[in-house]
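**Student:** Next up is a structure, given as structure tokens.
Residue numbers (UniProt numbering): 1 to 269.
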């Protein structure tokens, strides 16, 4: 069964604010692959498990029509509110029962979402809705998140990694598909002509508040928050305090710090 762990309005709002769009390197790789494989114009792209729409929107410049779908009504509402593109629309739907006719879709993407799907049912739907020579692209972040700031990068990364590890007991079993680099998902794709790419690098300059906001969007943090709200909030405060100490700030600190959240090693499949 597909997962529906992202329904809360606050969680969806956090996704809109803190989740990242696919990096340019991944976008370029995807479009180059599509150009190489397609012999006719590409018209319809569908982004499945679109969340608040960051990945959906980057497709708009390259397709006549782009549709983002997600099982979460709250996520779709966030995506609709943020959308200003006339050729992009959103609807609520499961990945395993797509609202498209047979052979009608040129490209299907799932950015950091495919690990939540019922793979057997989802792959059958892919085979049904894709046009001849249509393409599918799945991607995920690895667990190798690095924070960089002056000479304390190693310590900052250690603090973040330790906080993630403290959430491990709340990790959904389907996250193992992320931890193994989407190998299971790649193997389940029912097409002979396929390609797996790893180590796509990208960097983003963010504040410490952004790092903590991103951390809060994790499904396992949300599970922790529901289980023990006080301890979950205390973990965030502890992270912020440890970041400040590592960076050498006391009570006086800048509101926006130039920490780099380096989500490198984004794996595209």
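For glycine and all other residues, C-beta sits at the position ideal for the given N, C-alpha and C. The structure presented is a predicted model; accordingly, all values stated were derived computationally and were not measured.
CA-CA distance, residue 108 and residue 20?
**Tutor:** Counting from one through the chain shown, the residue named residue 108 turns up at place 108. Counting from one through the chain shown, the residue named residue 20 turns up at place 20. Computed Cα separation, rounded: 19 Å.
**Student:** Give the secondary structure of residue 71 by DSSP, where H, G and I count as helix, E and B as strand, and everything else as coil.
**Tutor:** Your numbering for residue 71 matches position 71 in the chain shown. Reduced to three states, the DSSP call for residue 71 is coil.
**Student:** Which residue marks the beginning of the alpha helix (DSSP H) containing residue 237, and which one marks its end?
**Tutor:** Reading the chain shown from its first residue, position 237 is the one you call residue 237. Start and end: 229 to 246.
**Student:** Can you name the start and end residues of the alpha helix (DSSP H) that residue 196 belongs to?
**Tutor:** If you number the chain shown from 1, residue 196 lands on position 196. From DSSP, residue 196 is part of no alpha helix (DSSP H); its letter is neither H nor E.
**Student:** Please say whether residue 189 and residue 112 have beta carbons closer to each other than 8 Å?
**Tutor:** On the chain shown, residue 112 is found 112 positions in, with the first residue counted as 1. On the chain shown, residue 189 is found 189 positions in, with the first residue counted as 1. Contact: no.
**Student:** Whole angstroms are fine: how far does the CA of residue 69 sit from the CA of residue 102?
**Tutor:** Reading the chain shown from its first residue, position 102 is the one you call residue 102. Reading the chain shown from its first residue, position 69 is the one you call residue 69. About 17 Å.
**Student:** Specify the secondary structure class of residue 149 as computed by DSSP and reduced to three states.
**Tutor:** Taking the first residue of the chain shown as 1, we reach residue 149 at position 149. Coil, per DSSP.
**Student:** Alpha carbon to alpha carbon, what distance is there between residue 224 and residue 176?
**Tutor:** Within the chain shown, residue 176 is the residue found at index 176, counting from 1. Within the chain shown, residue 224 is the residue found at index 224, counting from 1. C-alpha separation (whole angstroms): 18 Å.
**Student:** Report the partner residues of residue 88 according to the DSSP bridge assignment.
**Tutor:** Your numbering for residue 88 matches position 88 in the chain shown. Answer by DSSP bridge pairing, in chain order: 66.
**Student:** If contact is defined by three or more beta carbon pairs under 8 Å, each pair taking one atom from either stretch, is the segment 79 to 93 in contact with the segment 113 to 131?
**Tutor:** The segment 113 to 131 is not in contact with the segment 79 to 93.
**Student:** Between which two residues does the beta strand (DSSP E) harbouring residue 113 extend?
**Tutor:** In the chain shown, residue 113 corresponds to position 113, counting from 1. Run containing residue 113: none; DSSP gives neither H nor E here.
**Student:** Across the segment 162 to 169 and the segment 221 to 235, are there enough close Cβ pairs to call them in contact, namely three or more that are closer than 8 Å?
**Tutor:** Touching, yes, given that three or more Cβ pairs across the two stretches are closer than 8 Å.
**Student:** Mind checking whether residue 51 and residue 27 have CB atoms under 8 Å apart?
**Tutor:** What you label residue 51 is simply residue 51 of the chain shown in a count that begins at 1. What you label residue 27 is simply residue 27 of the chain shown in a count that begins at 1. Not a contact, by the Cβ cut-off of 8 Å.
**Student:** How many Å lie between residue 281 and residue 60 at the Cα?
**Tutor:** Nothing can be reported for residue 281, as the shown portion of the chain is limited to 1 through 269.
**Student:** Any idea if residue 248 is buried or exposed, counting beta-carbon neighbours within 10 angstroms, 16 or more meaning buried?
**Tutor:** Along the chain shown, one-based indexing puts residue 248 at 248. Result: exposed.
**Student:** Would you call the segment 176 to 187 and the segment 137 to 146 touching, i.e. three or more CB-CB distances under 8 Å?
**Tutor:** Contact holds: three or more Cβ-Cβ distances are below 8 Å.
**Student:** Could you spell out the range, first to last residue, of the beta strand (DSSP E) harbouring residue 142?
**Tutor:** As a position in the chain shown, residue 142 is number 142, starting the count at 1. No beta strand (DSSP E) holds residue 142; DSSP gives it neither H nor E.
**Student:** Just to confirm the assignment: which complete alpha helix (DSSP H) runs, minimum length 4, are found wholly within the segment 147 to 225?
**Tutor:** The qualifying runs are 153 to 166, 176 to 179, 183 to 188, 208 to 216.
**Student:** What does the alpha-carbon distance come out to for the pair residue 211 and residue 144?
**Tutor:** Against the chain shown, residue 211 aligns to sequence position 211. Against the chain shown, residue 144 aligns to sequence position 144. Those two C-alpha atoms are separated by around 14 Å.
**Student:** Do residue 163 and residue 235 have their C-beta atoms closer together than 8 Å?
**Tutor:** Mapped onto the chain shown, residue 163 falls at position 163. Mapped onto the chain shown, residue 235 falls at position 235. Cβ distance < 8 Å, so residue 163 and residue 235 count as in contact.
**Student:** Alpha carbon to alpha carbon, how far is residue 174 from residue 116?
**Tutor:** Here the question's residue 174 lines up with position 174 in the chain shown. Here the question's residue 116 lines up with position 116 in the chain shown. Their Cα atoms are separated by approximately 6 Å.
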